[in-house]
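Engineer: Take a look at this one; I'll ask things after.
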Amino acid sequence: MGQNEDEFLALPESTLQQLLASEDLRVAEEIQVLSAALRWLDYSPATRRSRITSLLVHIRLPLLSPTRTARLVQDVSDLSLRVALQVLLADFLRKGPGRRVFEGRGRAGDCRPAFACSLLSNSISEPRRKARKMVYAVGGFSRWIGARWSDGRALCAVERFDTFGGHWTADSSLHQARSGLALTTLHGEVYAIGGESDSMIFASVERFDPGRHQWTNVACLHHPRMGLGAVACNGAIYALGGWVGAEIGRTVERFDPDENKWEEVVEMATPRYHFGCCEMGGAIYVVGGLDESGTELASAERFDPLVARWIPLVSMTTKRAYLTLTAAGGRLFAVGGWNESSGALNSVECYDPEIECWISVPPMTVGRASCSAVGFSGRLFIAGGRAPPPHDPEAPAISLNSVEVFEFVIGKRTGGGQEAVCGSWSIGSSLITGRCEAGLVIL
Numbered sequence: 001m002g003q004n005e006d007e008f009l010a011l012p013e014s015t016l017q018q019l020l021a022s023e024d025l026r027v028a029e030e031i032q033v034l035s036a037a038l039r040w041l042d043y044s045p046a047t048r049r050s051r052i053t054s055l056l057v058h059i060r061l062p063l064l065s066p067t068r069t070a071r072l073v074q075d076v077s078d079l080s081l082r083v084a085l086q087v088l089l090a091d092f093l094r095k096g097p098g099r100r101v102f103e104g105r106g107r108a109g110d111c112r113p114a115f116a117c118s119l120l121s122n123s124i125s126e127p128r129r130k131a132r133k134m135v136y137a138v139g140g141f142s143r144w145i146g147a148r149w150s151d152g153r154a155l156c157a158v159e160r161f162d163t164f165g166g167h168w169t170a171d172s173s174l175h176q177a178r179s180g181l182a183l184t185t186l187h188g189e190v191y192a193i194g195g196e197s198d199s200m201i202f203a204s205v206e207r208f209d210p211g212r213h214q215w216t217n218v219a220c221l222h223h224p225r226m227g228l229g230a231v232a233c234n235g236a237i238y239a240l241g242g243w244v245g246a247e248i249g250r251t252v253e254r255f256d257p258d259e260n261k262w263e264e265v266v267e268m269a270t271p272r273y274h275f276g277c278c279e280m281g282g283a284i285y286v287v288g289g290l291d292e293s294g295t296e297l298a299s300a301e302r303f304d305p306l307v308a309r310w311i312p313l314v315s316m317t318t319k320r321a322y323l324t325l326t327a328a329g330g331r332l333f334a335v336g337g338w339n340e341s342s343g344a345l346n347s348v349e350c351y352d353p354e355i356e357c358w359i360s361v362p363p364m365t366v367g368r369a370s371c372s373a374v375g376f377s378g379r380l381f382i383a384g385g386r387a388p389p390p391h392d393p394e395a396p397a398i399s400l401n402s403v404e405v406f407e408f409v410i411g412k413r414t415g416g417g418q419e420a421v422c423g424s425w426s427i428g429s430s431l432i433t434g435r436c437e438a439g440l441v442i443l
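Its first residue numbered 1, the sequence shown is counted upward by one per residue in full-length UniProt numbering.
Rendered as structure tokens:
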């Protein structure tokens with residue numbers, strides 16, 4: 001856009017809206033899209049001021065930093081336009097995207113238009129299909145070929161994969177080496193939660209600022225946990241289950257980033273550890289894992305944070321512990337894992353929430369227990385995991401550095417109501433360090 005600034009600023013609104021809504025914008029960051037929209041508005045504020053709302057609906061606010069957004073708004077030259085933007089984006093600029101955007105709705109004296117309250121709740125939180133993305137692999141456990149059972153170690157190393165560059169590079173390490181941690185993102189920052197090293201289970205939590213490449217400590221969990229799940233949902237972080245030392249963690253804790261405080265909010269419906277966990281559509285899903293007796297589970301549940309209620313779901317077709325769960329294309333994907341009868345699994349299952357059914361997906365090329373996954377733009381990105389050495393199945397499992405990418409499309413529903421998930425696996429760029437029980441997120 002910068003090379004043809006005059007031509008861009010003269011675009012009709014309809015053309016600009018098509019651009020802002022496009023999945024095919026090849027941008028490094030979503031902030032560039034907002035910057036372009038604000039420049040277009042500021043070019044002729046008298047005639048374009050009324051178009052603010054029709055443009056902002058196309059900006060993916062959950063992907064933006066409130067601080068950087070505030071700077072952009074402050075740089076708008078027209079005073080009335082700047083004030084209008086500050087009013088519409090007041091909640092976001094103050095707290096970032098989250099549940100508090102709803103607290104002002106309907107209060108006496110709240111003069112913000114209804115659009116201001118719905119803007120964040122309706123905003124898309126997934127990066128554009130062709131936008132630059134950064135995948136972070138954090139912590140985990142490493143054991144190499146030929147190592148003894150006692151030779152493995154927890155990792156503090158962090159790697160970053162640039163989807164434009166197509167390679168992994170080292171980033172700032174965690175303060176504390178952690179395996180079996182949970183990793184999630186909130187307001188454009190990465191949270192590493194719990195985990196263990198040398199049989200010491202942690203309650204500590206670290207937060208990563210990708211702009212500064214810096215980790216800082218935040219409030220600790222109430223209970224040390226490893227093999228837990230964590231997701232960001234409605235502006236808060238939820239830490240679920242896990243192993244707390246002598247037993248399974250039975251509670252769910254919620255982190256308020258503004259108060260820097262954790263609180264226990266509810267008990268797990270089914271206590272479990274080393275399970276799959278992710279957020280989709282404002283709900284938290286947990287599947288598989290190990291129960292109190294160490295038996296693998298196939299069961300699945302959904303937690304609704306707004307009413308603090310657990311809802312049982314149909315079970316997976318395969319029992320899986322040490323699996324990973326990710327959301328993509330409005331579906332859940334349960335990837336890999338391990339069970340007593342089959343060992344490390346290469347199978348993948350897909351859950352359709354509309355018809356409440358699990359269906360099979362083409363398998364990975366290798367079995368992976370304790371692998372990590374993210375989903376975006378019609379793709380699953382699977383990294384690491386552990387499996388026995390290929391030529392010595394009785395040897396200690398080794399940590400994998402390989403990456404697989406599954407590109408998929410959702411087919412038409414069959415006569416029974418199911419949708420086929422069609423796609424193919426390809427080999428991605430390998431991790432610098434093989435790791436399992438790590439965290440993987442995308443920004």
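Heads up, the beta-carbon is just placed ideally off N, CA and C, and yes, glycines get one too.
#1: Quick one: what's got a C-beta closer than 8 Å to Leu-11's C-beta in the same chain, skipping five residues either side?
#2: Would Ala-438 be called buried (16 or more neighbouring beta carbons within 10 Å of its own) or exposed?
#3: Could you check whether Leu-313 and Gly-276 sit closer than 7 Å to each other, using their CB atoms as the reference points?
#4: What separation, rounded to the nearest whole angstrom, lies between the Cα atoms of Gly-139 and Ala-28?
#5: Would the stretch 253-261 count as touching the stretch 290-303 if we require 3 or more Cβ pairs under 8 Å?
#6: Please determine if the stretch 219-239 and the stretch 164-173 are in contact, where contact requires at least 3 C-beta pairs separated by less than 8 Å.
#7: Quick check: the Cα distance between Thr-184 and Ala-157, rounded to an integer number of angstroms?
#8: By a C-beta neighbour count over all protein chains shown, 10 Å radius and 16 as the cutoff for buried, is Lys-261 buried or exposed?
#9: Could you tell me the alpha carbon to alpha carbon distance between Gly-242 and Ala-387, rounded to whole angstroms?
#10: Are the beta-carbon atoms of Ile-31 and Pro-389 separated by less than 7 Å?
#11: Any heavy atom of the ligand MN within a distance shorter than 6 Å of the CB on Gln-18?
#12: Return the CA-CA distance between Gly-367 and Gly-378, expressed in angstroms with no decimal places.
#13: Excluding five sequence neighbours on each side, which residues of the same chain lie with their C-beta closer than 6 Å to the C-beta of Gly-106?
#14: Apart from the five residues just before and just after Ser-65, which ones in its own chain have a Cβ nearer than 6 Å to its Cβ?
#15: Work out the CA separation of Phe-141 and Gly-180 for me, nearest whole Å.
#16: Excluding five sequence neighbours on each side, which residues of the same chain lie with their C-beta closer than 6 Å to the C-beta of Arg-49?
#17: Looking at the strands, I want to know which residues DSSP matches up with residue 485.
#18: Quick check on Pro-127: buried or exposed, where buried means 16 or more other Cβ atoms within 10 Å of its Cβ?
#19: Name the DSSP bridge partner or partners of Asn-339?
#20: Evaluate the contact criterion for the stretch 193-203 versus the stretch 213-223: three or more CB pairs, one atom per stretch, below 8 Å.
#21: If the criterion is Cβ atoms closer than 7 Å, does the pair Thr-163 and Lys-133 meet it?
#22: Less than 7 Å between the beta carbons of residue 524 and Gly-337, yes or no?
#23: With DSSP as the reference, label Trp-149 as helix, strand or coil.
#24: Does DSSP classify Pro-396 as helix, strand or coil?
#25: If we ignore side chains and look at the alpha-carbon of each, how far apart do Met-316 and Ile-359 end up?
#26: Over the uninterrupted alpha helix (DSSP H) stretch that includes Ile-359, give me the two end residues.
#27: What do you reckon, are the CB atoms on Tyr-136 and Val-190 nearer than 7 Å?
#28: Is Ile-59 helix, strand or coil when you go by DSSP?
Structural biologist: On the basis of the data shown:
#1: Here the question's residue 11 lines up with position 11 in the sequence shown. Excluding positions up to five away in sequence, the list reads Leu-19, Trp-40.
#2: One-based indexing of the sequence shown puts residue 438 at position 438. With 16 or more Cβ atoms within 10 Å of its Cβ, Ala-438 is classed as buried.
#3: Stepping through the sequence shown from its first residue, residue 276 is reached at position 276. Stepping through the sequence shown from its first residue, residue 313 is reached at position 313. The answer is no: Cβ separation not under 7 Å.
#4: Residue 139 sits at position 139 when you count from the first residue of the sequence shown. Residue 28 sits at position 28 when you count from the first residue of the sequence shown. Gly-139 and Ala-28: Cα-Cα distance of roughly 26 Å.
#5: no
#6: no
#7: Taking the sequence shown and counting its residues from 1, the one referred to as residue 184 is at position 184. Taking the sequence shown and counting its residues from 1, the one referred to as residue 157 is at position 157. C-alpha separation (whole angstroms): 17 Å.
#8: Taking the first residue of the sequence shown as position 1, residue 261 is located at position 261. Exposed.
#9: Stepping through the sequence shown from its first residue, residue 242 is reached at position 242. Stepping through the sequence shown from its first residue, residue 387 is reached at position 387. Cα-Cα distance, rounded: 22 Å.
#10: Stepping through the sequence shown from its first residue, residue 31 is reached at position 31. Stepping through the sequence shown from its first residue, residue 389 is reached at position 389. No, Cβ-Cβ distance for Ile-31 and Pro-389 is not below 7 Å.
#11: The ligand MN is not among the ligands present in this structure, which contains no ligands whatsoever.
#12: Stepping through the sequence shown from its first residue, residue 367 is reached at position 367. Stepping through the sequence shown from its first residue, residue 378 is reached at position 378. Gly-367 and Gly-378: Cα-Cα distance of roughly 22 Å.
#13: In the sequence shown, residue 106 corresponds to position 106, counting from 1. Only weak support exists for where Gly-106 lies, its pLDDT of 36 falling under 50; the value from the coordinates is given anyway. Taken in chain order, the list of residues that qualify is empty.
#14: Here the question's residue 65 lines up with position 65 in the sequence shown. Hits under 6 Å: Gly-188.
#15: Residue 180 sits at position 180 when you count from the first residue of the sequence shown. Residue 141 sits at position 141 when you count from the first residue of the sequence shown. So the alpha carbons of these two residues sit roughly 8 Å apart.
#16: Here residue 49 corresponds to residue number 49 of the sequence shown, with the count starting at 1. Here the set comprises Leu-81.
#17: The question about residue 485 has no answer here: the residues shown for the chain are numbered 1 through 443.
#18: In the sequence shown, residue 127 corresponds to position 127, counting from 1. With 16 or more Cβ atoms within 10 Å of its Cβ, Pro-127 is classed as buried.
#19: Numbered from its first residue, the sequence shown carries residue 339 at position 339. Bridge partners of Asn-339: Gly-343.
#20: yes
#21: Translated into positions along the sequence shown, residue 163 becomes position 163. Translated into positions along the sequence shown, residue 133 becomes position 133. Going by C-beta atoms, Thr-163 is nearer than 7 Å to Lys-133.
#22: With the chain covering 1 to 443 only, the question about residue 524 has no answer from this structure.
#23: Counted from its first residue, the sequence shown places residue 149 at position 149. Three-state DSSP puts Trp-149 in a helix.
#24: Within the sequence shown, residue 396 is the residue found at index 396, counting from 1. Coil, per DSSP.
#25: Sequence index remark: in the sequence shown, residue 316 carries index 316 (1-based). Sequence index remark: in the sequence shown, residue 359 carries index 359 (1-based). Computed Cα separation, rounded: 9 Å.
#26: For the purposes of this step, residue 359 is taken as the residue at position 359 of the sequence shown. Counting along the chain, Ile-359 falls outside any alpha helix (DSSP H), though it belongs to the beta strand (DSSP E) covering 357-361.
#27: The sequence position of residue 136 within the sequence shown is 136, counting from 1. The sequence position of residue 190 within the sequence shown is 190, counting from 1. Yes, Cβ-Cβ distance for Tyr-136 and Val-190 is below 7 Å.
#28: Counting from 1 along the sequence shown, the entry for residue 59 is found at position 59. Correct three-state label for Ile-59: coil.
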